[in-house]
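Worksheet: one structure, shown below.
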Amino acid sequence: MQYSYVRNCSGSNNREATFSPPVVTIPIVDLSKPEAQALIVKACEDFGFFKVINHGFPMDAISKLEEEATKFFSLPTSDKEKVGLANPFGYGSKSIGCNNDVGWIEYLLVKTNSQHTNTHTLHKPEQFRCALNEYMGAMRKMACEILELMAEGLKIEERNVLSKLVMDEESDSCFRLNHYPACPEITMASSNEKNTNKVGFGEHTDPQIISLLRSNNTSGFQIYVGDGNWIPVPPDHTSFFVNVGDALQVMTNGRFKSVRHRVMVDNVNNPRLSMIYFVGPPPSEKIAPLPSLVLGKESLYKEFTWFEYKNSAYNTKLSDNRLIPYERI
Ligand code: GA4
Numbered sequence: 001m002q003y004s005y006v007r008n009c010s011g012s013n014n015r016e017a018t019f020s021p022p023v024v025t026i027p028i029v030d031l032s033k034p035e036a037q038a039l040i041v042k043a044c045e046d047f048g049f050f051k052v053i054n055h056g057f058p059m060d061a062i063s064k065l066e067e068e069a070t071k072f073f074s075l076p077t078s079d080k081e082k083v084g085l086a087n088p089f090g091y092g093s094k095s096i097g098c099n100n101d102v103g104w105i106e107y108l109l110v111k112t113n114s115q116h117t118n119t120h121t122l123h124k125p126e127q128f129r130c131a132l133n134e135y136m137g138a139m140r141k142m143a144c145e146i147l148e149l150m151a152e153g154l155k156i157e158e159r160n161v162l163s164k165l166v167m168d169e170e171s172d173s174c175f176r177l178n179h180y181p182a183c184p185e186i187t188m189a190s191s192n193e194k195n196t197n198k199v200g201f202g203e204h205t206d207p208q209i210i211s212l213l214r215s216n217n218t219s220g221f222q223i224y225v226g227d228g229n230w231i232p233v234p235p236d237h238t239s240f241f242v243n244v245g246d247a248l249q250v251m252t253n254g255r256f257k258s259v260r261h262r263v264m265v266d267n268v269n270n271p272r273l274s275m276i277y278f279v280g281p282p283p284s285e286k287i288a289p290l291p292s293l294v295l296g297k298e299s300l301y302k303e304f305t306w307f308e309y310k311n312s313a314y315n316t317k318l319s320d321n322r323l324i325p326y327e328r329i
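End of the sequence shown = 329 in UniProt numbering, gap-free, step of one.
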């Protein structure tokens, strides 16, 4: 397979060039197979990223939410803004976080366990809420299943050591609907001068434990595999993609990699719509390497609470490495 990818990580110079492609195959985990545990561990060690198939997730929950989200994003801006401007929860357009990061994107960010966002301002709020709740409930179940397979694969005695964080009533999980509209600059450019380098969502790692992403059949999502290499992830609207986040990198004492990823806008006509469930621990949870994963080794990270980490994350730029202050030197 030929890859055209962008060299350079962390923002400085985004010149695009084609190099001989690294041979990278995105790991695929079939959740219905007994080898799922081992494959998950290997994928998290190698990339911090994998695709999940045979997940048993209710497809009608996906189509209902997709329909509601499409309706929402096609509303006039003033109506979308009525749900509240992202701070961080609510409707946002172009601006991401609080430190001047921008992208070719509009989004809705909601908390999973409270009605923080004013969806009642919408035309048929109960339909949207219902689709959101059904999807988020099924996501939570799938997140639990994956986290239990992970703990088993890591040979951790307490099988629910990770999944209990999602099940906790105080779990600080959130959910994001991202809409990347068709981009006029790309659409209008003649084919040989296409600017395929427009950023939809800039490079970053997710702060949480894991994130579960599903999108419509559009490309643009890329993961960083080191040495300046960004790998495009082929779209698959029937599957889910799992990202390891910073908290899990710490809990596994660096064994699992928090994957750097980004979305480039390379859609000429098809808007991209993605739905991401971010599995966060309760705010008071102490995040540190799990004792059984440190045995006989050095602990690479200082302990912090999720509350401290989340707070400090909002003072950073999207592309920053947020774990540096917690590394033991
Ligand atoms: C990245 C992962 C999630 O989308 C998110 C993002 C959050 C936001 O958009 O409000 C952050 C970003 C994310 C990481 C650093 C901070 C916080 C924007 C930003 C610059 C909702 C999250 O939890 O962290």
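Every residue, glycine too, gets a C-beta built ideally from N, C-alpha and C. Just so it is clear, the structure is predicted and the values come from calculations on it, not from any experiment.
Between the CA atoms of residue j and residue i - distance to the nearest angstrom
{"i": "R255", "j": "L162", "result": "15 Å"}
{"i": "E203", "j": "V279", "result": "19 Å"}
{"i": "A151", "j": "P289", "result": "13 Å"}
{"i": "A86", "j": "H116", "result": "11 Å"}
{"i": "M136", "j": "E145", "result": "14 Å"}
{"i": "Q37", "j": "D101", "result": "37 Å"}
{"i": "M1", "j": "K286", "result": "Low confidence applies here, because M1 scores a pLDDT of 32, under 50, leaving its location unreliable; read the following figure in that light. So the two alpha carbons sit approximately 43 Å from each other."}
{"i": "L149", "j": "I40", "result": "8 Å"}
{"i": "I105", "j": "I96", "result": "9 Å"}
{"i": "C130", "j": "T205", "result": "30 Å"}
{"i": "M139", "j": "T119", "result": "20 Å"}
{"i": "L65", "j": "F128", "result": "7 Å"}
{"i": "S78", "j": "A313", "result": "29 Å"}
{"i": "F304", "j": "K33", "result": "36 Å"}
{"i": "K194", "j": "D227", "result": "At K194, the pLDDT of 49 sits below 50, so the modelled position is not reliable; the number obtained from the coordinates is stated separately. Spanning the two alpha carbons is a distance of roughly 26 Å."}
{"i": "P22", "j": "E126", "result": "48 Å"}
{"i": "R328", "j": "L293", "result": "16 Å"}
{"i": "L132", "j": "L165", "result": "21 Å"}
{"i": "N14", "j": "R176", "result": "With a pLDDT of 48 at N14, under the threshold of 50, the predicted position of this residue should be treated as unreliable, and no value is reported."}
{"i": "E81", "j": "C183", "result": "21 Å"}
{"i": "H261", "j": "V24", "result": "15 Å"}
{"i": "E45", "j": "L122", "result": "43 Å"}
{"i": "K155", "j": "L75", "result": "49 Å"}
{"i": "E309", "j": "E170", "result": "One point to set straight first is that residue 309 is Tyr, not Glu, in the sequence displayed. Straight-line Cα distance between these residues: approximately 16 Å."}
{"i": "P283", "j": "I231", "result": "33 Å"}
{"i": "A43", "j": "E67", "result": "32 Å"}
{"i": "V52", "j": "V263", "result": "19 Å"}
{"i": "N178", "j": "G90", "result": "12 Å"}
{"i": "L318", "j": "G103", "result": "11 Å"}
{"i": "P235", "j": "Q222", "result": "10 Å"}
{"i": "L295", "j": "N160", "result": "19 Å"}
{"i": "T112", "j": "A143", "result": "13 Å"}
{"i": "V199", "j": "E157", "result": "42 Å"}
{"i": "Y277", "j": "F72", "result": "18 Å"}
{"i": "V265", "j": "V233", "result": "13 Å"}
{"i": "T70", "j": "K94", "result": "18 Å"}
{"i": "F307", "j": "G92", "result": "23 Å"}
{"i": "L212", "j": "F241", "result": "6 Å"}
{"i": "V83", "j": "D60", "result": "25 Å"}
{"i": "E35", "j": "E185", "result": "45 Å"}
{"i": "S299", "j": "Y180", "result": "40 Å"}
{"i": "F201", "j": "V110", "result": "18 Å"}
{"i": "S173", "j": "V259", "result": "18 Å"}
{"i": "P291", "j": "Y301", "result": "12 Å"}
In DSSP terms, what residue i is bridged to
{"i": "L222", "result": "Checking the displayed sequence, the identity of residue 222 turns out to be Gln instead of Leu. Q222 is bridged to P232 and R262."}
{"i": "C174", "result": "K111 and F278"}
{"i": "I96", "result": "D101"}
{"i": "T305", "result": "K286"}
{"i": "V244", "result": "I210"}
{"i": "S215", "result": "S274"}
{"i": "V29", "result": "V52"}
{"i": "K198", "result": "V265"}
{"i": "H204", "result": "H261"}
{"i": "Y91", "result": "L85 and L108"}
{"i": "Y180", "result": "R272"}
{"i": "E327", "result": "Y301"}
Supposed contact pair residue j and residue i - C-beta distance, whole angstroms, cut 8 Å
{"i": "K257", "j": "F47", "result": "7 Å"}
{"i": "T238", "j": "N270", "result": "Their Cβ separation, rounded to whole angstroms, is 17 Å, which puts T238 and N270 out of contact at 8 Å."}
{"i": "I209", "j": "N243", "result": "Their Cβ separation, rounded to whole angstroms, is 10 Å, which puts I209 and N243 out of contact at 8 Å."}
{"i": "R214", "j": "I28", "result": "The Cβ separation is near 15 Å, so there is no contact."}
{"i": "N54", "j": "T316", "result": "Incorrect: roughly 37 Å between the Cβ atoms, too far for contact."}
{"i": "D246", "j": "P207", "result": "5 Å"}
{"i": "residue 344", "j": "N216", "result": "There is no way to answer for residue 344, as the model of the chain reaches only from 1 to 329."}
CB contact below 8 Å: residue i versus chain B
{"i": "T119", "result": "Reference to chain B is not applicable here, since this structure consists of a single protein chain."}
The ligand GTP site residues, beta-carbon cut 6 Å against heavy atoms: Ligands displayed in this structure: the ligand GA4; the ligand GTP is not among them.
Using a Cβ distance threshold of 8 Å, determine whether the region 241 to 250 contacts the region 305 to 324, with at least three qualifying pairs required. These segments touch.
Any alpha helix (DSSP H) of 4 or more consecutive residues that is wholly inside the region 112 to 160: Within the region 112 to 160, the complete alpha helix (DSSP H) runs of at least 4 residues are 125 to 153.
Which full runs of the alpha helix (DSSP H) of 4+ residues lie inside the region 49 to 80, going along the chain? Correct list: 59 to 73.
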